[in-house]
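To start, the structure under review is shown below, and the notes come after it.
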Amino acid sequence: MVLGATLPAHAQPPVGAGYELLFSDEFDGDKVNPAHWRFREDRRTDSYMNGLNRRQNVAVAGGSLLITARQEMIDGKPENTGGGVISTHQFGYGYYETLSKPFMAGRGVHSAFWQRGGSIPNNTIFEIDSYEIDSGSWIGCNNLYLQLGTKNQSVPWPHRANIPFALRPDGWFLDAYEYTPEGVIFYDNGKVVARAEWKELTAAQCVWLTALNGVGKVDAAKQPATTEFAYFRYYAKDYPGVNLLPNGSFEYNQDRGDQPIAWQQDGTPGAGKVVAGEAARDRYKLRHASPGGAYQLSTSQSLEFIRNGDYQLTARVRSSGGQKTARLVVRGYGGPELVLTVPATASWTPLTLPKIPVTNHSVTVAIESAGEAGQWLEVDAIQFLKPTKTPPPAPEPFSLRLEPAWQLAQSEPIAFTGDNKFYFFDRSVGRGAAITVDFTMNPAKRQDAAPLARQPKTGTAGWSVLLTQQGQVVFRIGSGATHQDVVADVGYAVGKETRVVCVFDRGTATISLDGKQVAQATGITFTTDDATAAGRLGAVNDIYDAVGDVIAPGTPSAAPRKYKNYVGTLRAVTVDNAVPGQARRAN
Numbered sequence: 001m002v003l004g005a006t007l008p009a010h011a012q013p014p015v016g017a018g019y020e021l022l023f024s025d026e027f028d029g030d031k032v033n034p035a036h037w038r039f040r041e042d043r044r045t046d047s048y049m050n051g052l053n054r055r056q057n058v059a060v061a062g063g064s065l066l067i068t069a070r071q072e073m074i075d076g077k078p079e080n081t082g083g084g085v086i087s088t089h090q091f092g093y094g095y096y097e098t099l100s101k102p103f104m105a106g107r108g109v110h111s112a113f114w115q116r117g118g119s120i121p122n123n124t125i126f127e128i129d130s131y132e133i134d135s136g137s138w139i140g141c142n143n144l145y146l147q148l149g150t151k152n153q154s155v156p157w158p159h160r161a162n163i164p165f166a167l168r169p170d171g172w173f174l175d176a177y178e179y180t181p182e183g184v185i186f187y188d189n190g191k192v193v194a195r196a197e198w199k200e201l202t203a204a205q206c207v208w209l210t211a212l213n214g215v216g217k218v219d220a221a222k223q224p225a226t227t228e229f230a231y232f233r234y235y236a237k238d239y240p241g242v243n244l245l246p247n248g249s250f251e252y253n254q255d256r257g258d259q260p261i262a263w264q265q266d267g268t269p270g271a272g273k274v275v276a277g278e279a280a281r282d283r284y285k286l287r288h289a290s291p292g293g294a295y296q297l298s299t300s301q302s303l304e305f306i307r308n309g310d311y312q313l314t315a316r317v318r319s320s321g322g323q324k325t326a327r328l329v330v331r332g333y334g335g336p337e338l339v340l341t342v343p344a345t346a347s348w349t350p351l352t353l354p355k356i357p358v359t360n361h362s363v364t365v366a367i368e369s370a371g372e373a374g375q376w377l378e379v380d381a382i383q384f385l386k387p388t389k390t391p392p393p394a395p396e397p398f399s400l401r402l403e404p405a406w407q408l409a410q411s412e413p414i415a416f417t418g419d420n421k422f423y424f425f426d427r428s429v430g431r432g433a434a435i436t437v438d439f440t441m442n443p444a445k446r447q448d449a450a451p452l453a454r455q456p457k458t459g460t461a462g463w464s465v466l467l468t469q470q471g472q473v474v475f476r477i478g479s480g481a482t483h484q485d486v487v488a489d490v491g492y493a494v495g496k497e498t499r500v501v502c503v504f505d506r507g508t509a510t511i512s513l514d515g516k517q518v519a520q521a522t523g524i525t526f527t528t529d530d531a532t533a534a535g536r537l538g539a540v541n542d543i544y545d546a547v548g549d550v551i552a553p554g555t556p557s558a559a560p561r562k563y564k565n566y567v568g569t570l571r572a573v574t575v576d577n578a579v580p581g582q583a584r585r586a587n
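So, in structure tokens, the structure goes:
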């Protein structure tokens, strides 16, 4: 472990100025350090995998963490066994890096470097997959999933990039991601390969280094099979004016009111709840109360591996008054306990601790109250940040982005070279009686190509947007086997940006280019209401398929492919389950 000034000479900030190495495990001992890691011990079974994770499959030797997949007999039954480690620490905004050798010599092993909750209760907010690699397929998956509330299935996959990768000449794979207030930037061997855009996704979660077994077809003869990690490093930088405290406005809870996500509660059961309505910000707030009798409660959250310096705590509060205790407390930062007393007030009142001098890279923030039946305290909009000279802009309203259904590449274009790089989007996206597909393209090559599609091989429902070698834009409604094409002869040009908007609305399809409608067809009997095919952008082929949260080898058609992988850039991509001005369908 490395903190602050005790940096090894070889550890330098990898991206730009301002980064500081705050945690490192170089795996240079002879066992997994229990202060920093716990073992992944569970069974992962679904339609595409069946594996058992065991601590016996994890070791530290030769300067590396070794995770070995095996074929074993356990309790008289054959098992695909793997394993991994989960950090005991929580990490927030920063740059995360590993050097690894994922097993690639045979199929069946799923190696991954990723982040989500896991070491403390009630702290699963998102999943970032810096890489997920299925052995034998040279595609690295760079994913972002949201896992908020019990209705998170209504949030489509925000980002599922599938990027061809290669090991370095020395056999190692240098992989990293930069988690920022604007989203996630993914790096392979020092090069940016993908960007997931999502503002205000604040969290502090665990790092997972894993190698699952029993994923798809297993080449049992190639096992034991070892995935090796030479190190894990975490760097942090300052983001003045940016809140570091997850779920300080309690919007992450959505439909879960019993326990505030990312916060730990200690005291009278049921006394602390997230309540909708009359919030200081957006919709939700935290309430301490116990109608049935006296109560005592602490709602707290600790941050680790933050940069030292002067921070500020702000919150909005209101209270019945009369409690024995009603306060906000800051402790564990390297100095004496700091307290803000909550006054009796019926209206939302701001409280501020203007200077919290953090000296040990950590802090704990707590809301504490104790009172009688009928007494209450409410807190909202809690922020812990390094202050700026001028007040930061007000936060945007929190949203799970149900409108539009899916979007990508809003800040900068994605380049496609014609290889197998592609993005999945959810089966619930671009589905229903009416859809809109809106994107801006700059093709580098005139050819028969498919920039994006959500189209099954057979059936009467689905859609795709196609380009032809003659320069046409085609909006195909239906499946690959049976469909109707709407064709815009006034189409696209190589090297020229063109905005394409395709709309299907209950049997009528239109194509607009750069704001002008150029094609229309009515009376279409096919639909876009297919629920079977995952959407694809970039390389729209059947080499890979989406099975749950992993990719699997597809079943390519025996016939030659007419439509090639797209070459050029795509940006400002939006796929919606409605047409402009209509209500969206929730699938």
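No gaps in the numbering here: position 344 of the sequence shown is 344 in the UniProt record's numbering, and each next residue is one more.
Yeah, the Cβ is synthetic: ideal placement off N, Cα and C, and Gly gets one too.
Query: Cβ neighbour criterion (16 or more within 10 Å) applied to Glu378; Result: buried
Query: Environment of Arg44 [buried if 16+ CB atoms lie within 10 Å]; Result: buried
Query: Status (buried if at least 16 other CB within 10 Å, exposed otherwise) for Gln56; Result: exposed
Query: Close Cβ partners of residue 589 (< 6 Å) along its chain, the five nearest in sequence each way excluded; Result: Residue 589 falls outside the range modelled here, since the chain spans only 1 to 587, and no answer is possible.
Query: Environment of Glu278 [buried if 16+ CB atoms lie within 10 Å]; Result: exposed
Query: Whole-angstrom distance between Tyr252 and Ile261, CA atom to CA atom; Result: 7 Å
Query: Of the listed residues Trp263, Ser369, Asn80, nearest to Arg327 (C-alpha basis); Result: Ser369
Query: Rounded Cβ spacing between Arg431 and Asp530 (contact assumed at less than 8 Å); Result: 7 Å
Query: Terminal residues of the beta strand (DSSP E) in which Ser137 lies; Result: From DSSP, Ser137 is part of no beta strand (DSSP E); its letter is neither H nor E.
Query: Those runs of the beta strand (DSSP E) which lie wholly inside the stretch 54-128 and span at least 3 residues; Result: 58-61, 64-74, 77-87, 94-101, 109-116
Query: For Tyr252, three-class secondary structure by DSSP; Result: helix
Query: Range covered by the beta strand (DSSP E) that runs through Met441; Result: 434-443
Query: Endpoints, beta strand (DSSP E) assigned at Tyr503; Result: First, the residue type needs correcting, since residue 503 is Val and not Tyr in the sequence shown. Taken as a continuous stretch (DSSP letters only), the beta strand (DSSP E) holding Val503 covers 498-505.
Query: Any non-hydrogen atom of the ligand FMN within 7 Å of Ala434 CB; Result: With respect to the ligand FMN, the structure offers nothing, as it holds no ligand at all.
Query: Where Asp255 falls, given that 16 or more other Cβ within 10 Å makes a residue buried; Result: exposed
Query: Euclidean distance between Cα positions of Gly480 and Leu408; Result: 25 Å
Query: Inter-stretch contact (C-beta, 8 Å, three-pair minimum) for the stretch 206-222 and the stretch 75-88; Result: yes
Query: Enclosing beta strand (DSSP E) for Ala289 [first to last residue]; Result: 284-289
Query: Same chain only: Cβ atoms within 8 Å of Ser119, ignoring 5 sequence neighbours per side; Result: Arg38, Ile86, Ser87, Thr88, His89, Gln90, Cys206
Query: Under 8 Å between C-beta atoms of Leu212 and Gly82; Result: yes
Query: Own chain residues within Cβ distance below 7 Å of Ala271, not counting five before or after; Result: His288, Ala289, Ser290, Tyr295, Leu297
Query: Lys222 (DSSP reduced to helix, strand or coil); Result: helix
Query: Beta-carbon spacing of Gly332, Thr364 below 8 Å; Result: yes
Query: Contact between the stretch 453-464 and the stretch 525-541 (3+ Cβ pairs under 8 Å); Result: yes
Query: CB contact below 8 Å: Gln259 versus chain C; Result: No chain C appears in this structure, which consists of one protein chain only.
Query: Member of Val275, Gly374, Phe126, Asn80 whose CA lies at the smallest distance from the CA of Tyr48; Result: Asn80
Query: Lys355 versus His483, Thr345, Gly108, Glu337, residue with shortest Cα-Cα distance; Result: Glu337
Query: Where the beta strand (DSSP E) containing Trp376 begins and where it ends; Result: 376-385
Query: Reference Ala344, options Gly334, Gly321, Pro350, Gly335, closest by Cα; Result: Gly321
Query: Nonlocal neighbours in the same chain, by C-beta distance under 7 Å from Gln410, ignoring five residues either side; Result: Glu197, Ala572
Query: Proximity below 8 Å, CB of Ser130 to CB of Phe103; Result: no
Query: Alpha-carbon spacing of Ala5 relative to Pro357, whole angstroms; Result: Legend: pLDDT at Ala5 = 39, less than 50; position of this residue unreliable, value from coordinates given subsequently. Using only the alpha carbons, I get a separation of about 17 Å.
Query: Counted within 10 angstroms of its Cβ, other Cβ atoms place Ala586 as buried (16 or more) or exposed; Result: For Ala586, the predicted structure reports a pLDDT of 47, less than 50, and the residue's modelled location is therefore unreliable. The matter cannot be settled from this model.
Query: Outcome for Gln517 when other beta-carbon atoms lying within 10 angstroms are tallied against a minimum of 16; Result: exposed
Query: Alpha carbon of Val192 to alpha carbon of Gly523, nearest angstrom; Result: 46 Å
Query: Extent of the continuous beta strand (DSSP E) run through Asn162; Result: 159-164
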